[in-house]
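Peer 1: Going by my numbering, the first residue of the sequence shown is number 2, and it counts up by one from there.
The structure's right below; bear with me while I get my questions together.
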Amino acid sequence: MKQKIRFNKEKNVKIKNDPYRFGISFEIVIDLIKNDLYKKIKHPNQKKYPNQECFLVFFKDYPFFIPYVSEEKGVFLKNIIPSRKLKGVIND
Numbered sequence: 002m003k004q005k006i007r008f009n010k011e012k013n014v015k016i017k018n019d020p021y022r023f024g025i026s027f028e029i030v031i032d033l034i035k036n037d038l039y040k041k042i043k044h045p046n047q048k049k050y051p052n053q054e055c056f057l058v059f060f061k062d063y064p065f066f067i068p069y070v071s072e073e074k075g076v077f078l079k080n081i082i083p084s085r086k087l088k089g090v091i092n093d
């Protein structure tokens, strides 16, 4: 992905300090995306988030989905959410 990737710095600190997210951060997600270690899907809740898509990544053998919105010059990452339900989607 060659587009600009943005995120909220305060949210990133919160995510890094959350023990249920295994130390993942937006910087790690961006590195995985730049190395093509991701899949793209529509947001699972299109009714509530119709303009969002998600990146799916693995970090420390755990799947995460990262909702984002497209912007004129790239994407804005909204969150990093761990999800066991997505294991089969990424491993396929």
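The beta-carbon is built from N, C-alpha and C at its ideal position, and this holds for glycine as well.
1) Using only the alpha-carbon positions, how far apart do L57 and F27 sit?
2) Does the beta-carbon distance from F77 to V30 come in below 9 Å?
3) So, using beta-carbon positions, are P83 and Y39 closer together than 9 Å?
4) Taking C-beta to C-beta, are I67 and N80 nearer than 9 Å?
5) What separation, rounded to the nearest whole angstrom, lies between the Cα atoms of D32 and C55?
6) Would you kindly work out how many angstroms separate the C-alpha atoms of F65 and K41, rounded to a whole number?
7) Do you know how far the Cα of E11 is from the Cα of K3?
8) Suppose the cutoff is 8 Å on Cβ atoms and the five residues either side in sequence are ignored; what does the same chain contact list for Y50 look like?
Peer 2: On the basis of the coordinates in this document:
1) 13 Å
2) no
3) no
4) yes
5) 16 Å
6) 12 Å
7) 24 Å
8) H44, P68
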